[in-house]
Amino acid sequence: MELDVHVQKKIGDFHLDCTFSLSASRAGVFGPSGSGKSTLMHLLAGLATADNGHIRLDDQILFDSSRKINKRPEERRIGVVFQHAHLFPHMSVRQNLLYGYSRTARKERKIEPEGLFKVLGVDVLKDRDVTTLSGGERQRVALARTLLTCPRLILMDEPLSGLDEERKFQIIPYLERVFGEYSIPLIFISHSLLEMRMMTEELLVMEQGSITRQLETESFARTTWDTGRKGYINLISLGLSQRHHDLFSYNWGDNCLILTEPGEAPENLFELDAREIILFKRHPEATSARNLLQCKVLQVYMSGNRARVELETGGKSLIAQIVPESVRELGIEKGSEVVAAIKASAFSRIF
Amino acid sequence: MLTLSPHDLQAVALSLKVAVSATILATPAGIAIAFFLAFGKMRGKAIVEGIINLPLVLPPVVVGYLLLLSFGRNGFIGSLLNRFDIQIIFTLKAAIIASMVVGFPLLVRSIRIGMEAIDPAYFKVARTLGAGWWDSFFTIALPLCSRAIYAGMTLMFARSLGEFGATVILAGNIPGVTQTIPLAIYEYTSTPGGDSMALTLCLVSIVLSFTVLLLSEAVTKRLRKG
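Residue numbers (UniProt numbering), protein chains in the order written: chain A, 1 to 351; chain B, 1 to 226.
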């Protein structure tokens, strides 16, 4: 996908002025509420018209103010999944699912409905009433409904923020599976860095109506650690667990991690706060922490009275946050060897 | 005592004919105007709204007189229709037009409330799913406010059954041509010894209105379930 955008729009006192080119298949638009993310999405989808500029997707011009081109939303073939699923309340789940499919030209239909329903786990929901679905189920139905139109690009506007805090990330494995299986480019819009790190490779950072930075999601996550009050969050993706006494062990690269939480699904994602990792110069004789990982220091970044240490262990990377005094005492520098101690309970499950 | 003369039956049939025609003819326009008032972004909405609602607050006789002036031989619309040899005044068409104008605000108001309750995001979703404007209008907007449309039609139908003031001026009170139930009752009450016949038609009127209400309730319930 090649998306080339230059748009300007004035709404009241708010000015949107965005210029960017995207080629990543999973990109994100990241910014605080009111930064213009949703307006940009509306302009891309054709649900609003820019005052000036152009939007080009691959070789098709969707909008060009100087040439008076403005493709209607139904001609753009850009799918949108909104914050709230907006399933049509007067239709059954099945009718909702097929609303776009039946309006898609036969030659464009590249996704087989039954297969998609299985991937998204909506095959069991087809005969249910729309009003009886949970938030996550509604969002999966909405995603399936959009995917069946085989769009050239999917925009997801804060799709997780309408869901229950506790279970909102349960939809992520479905998203991963679906975007892995069907190669449809995605632009994910959110104000949550955690969601961005799970869903995107590249980020457009939006502030007050303009794109201020465009960079890899992971690099962005690493640059924000000194501005936020929260520490850096390591995202650890693990497979099935095995019982280890009354705890659970997982393979992670060449290492084995011990956690308090079981992993019954084939994919499990845990977060590990960088501040929860304690570094030792040598292997400690005995410790209450269940995980002791031999690590190599890749990089040390200082910021004020905190230091971020990028570690490599068993083919995986890990970031620990300590204070500069510890860096000096332990003689931590690029290439040195340390042991990272992590408690089994320090990992908290995302999904 | 409670027997209907052929003359009365004619009045009942005419009333039904007028109410059904007025409702059916006005509904598409009612939906269009309600849509414009609910979602339109043009200026002058308040003026359109005012004009539409005027018959609701004006005495029906005033509405009838204004219609008479417009549809009269020298009136703005009347002279135009006269060229095509179309006569409106003192015909069934006049009774239907009078009912349409008087009942229209009720129809529009009801549909508009229903449309305003629809989340506009549904249209956006439909458009991004490949539906054109008209497609999304017919598959999203209309079904989502079907109850409101139906309620508006019921109100309009009931109002048309009872329409008197505008009808008597524009269509006159001609038995068998424009004499609907209320006009027939009026004639009976001003005729010596017509009381019992007036009462019979009153009862017919009550039964008709009640049936409309019951039917409307039943349909609304079904729509809610569906």
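The beta-carbon is built from N, C-alpha and C at its ideal position, and this holds for glycine as well.
Here the structure is a predicted model, which is why all the values come from computation and not from measurement.
- Chain-ordered, the chain B residues with CB closer than 9 Å to the CB of A:F88 read Y122, V125, A126, T139, I140, P143 and L144.
- In the three-state DSSP reduction, B:G75 falls in the coil class, being neither helix nor strand.
- By the criterion of a C-beta distance shorter than 6 Å, A:F30 is surrounded in its chain by M196, L203 and V205, once the five residues flanking it on both sides are discounted.
- When C-beta distances to chain B are compared with 8 Å, the residues of the stretch 96 to 117 of chain A below that value are Y99, G100, R103 and T104, in chain order.
- Taking 8 Å as the cut-off, the beta carbon of A:L153 is found closer than this to the beta carbon of A:P185.
- It is roughly 15 Å from the alpha-carbon of B:R224 to the alpha-carbon of B:L214.
- Residue environment: A:I55 is assigned as buried (16 or more neighbouring CB atoms within 10 Å of its CB, all protein chains considered).
- The three-state reading of DSSP puts B:G162 in helix, counting H, G and I together.
- In the structure shown, A:C18 adopts extended strand secondary structure according to DSSP, grouped into three states.
- Distance check between A:E218 and each of A:P266, A:L194, A:I11 and A:N268 places A:L194 closest, using alpha-carbon atoms only.
- At a C-beta separation below 9 Å, A:G79 has these neighbours in chain B: T128 and L129.
- Secondary structure note for A:S237: it is in no alpha helix (DSSP H), and the uninterrupted beta strand (DSSP E) holding it is I233 to L238.
- Under the three-state reduction of DSSP output, B:I89 falls in the coil class, being neither helix nor strand.
- Chain B has no Cβ within less than 8 Å of the Cβ of A:E158.
- Annotation for A:I211: the continuous beta strand (DSSP E) segment containing it runs S210 to E216.
- The C-beta of A:T131 comes no closer than 8 Å to any C-beta of chain B.
- For A:L318, the enclosing beta strand (DSSP E) has its first and last residue at K316 to I322.
- Neighbours of B:G132 in chain A, taken as residues whose beta carbon is under 8 Å from its own, are R72 and E74 in chain order.
- Taken through DSSP and simplified to helix, strand or coil, B:L213 comes out as helix.
- Here the stretch 255 to 266 of chain A lies against the stretch 237 to 246 of chain A, with 3 or more beta-carbon pairs under 8 Å apart.
- The beta-carbon of A:R145 is placed less than 8 Å from the nearest beta-carbon of chain B.
- For A:T149, the neighbours in chain B by C-beta distance under 7 Å run, in chain order, L129 and G130.
- The beta carbon of A:F63 sits no closer than 8 Å to any beta carbon of chain B.
- A:F188 does not reach chain B, its nearest Cβ partner there being about 16 Å away, counting only Cβ pairs nearer than 7 Å.
- Contact of A:F82 with chain B by beta-carbon distance below 8 Å involves A121, K124 and V125.
- For A:S23, DSSP records no beta bridge to any residue.
- Going by beta carbons, A:R140 and A:L116 fall outside the 8 Å limit.
- For A:A344, the nearest beta carbon of chain B is not closer than 8 Å to its own beta carbon.
- Between A:G136 and A:R106, the C-beta spacing is not below 8 Å.
- About 6 Å separates the beta carbons of A:I189 and A:M41, which is inside the 8 Å limit, making them a contact pair.
- With a cutoff of 8 Å on beta-carbon distance, B:G64 and B:A98 are scored as near each other.
- The DSSP-derived three-state label of B:A117 is coil.
- Shown here, B:V219 sits in a helix according to DSSP, grouped into three states.
- Annotation for A:E216: E201, E202 and L203 place their beta carbon closer than 8 Å to its own, counting only its chain and skipping 5 residues before and after.
- Neighbours of A:A45 across chain B, judged by C-beta separation under 9 Å: K124, R127 and T128.
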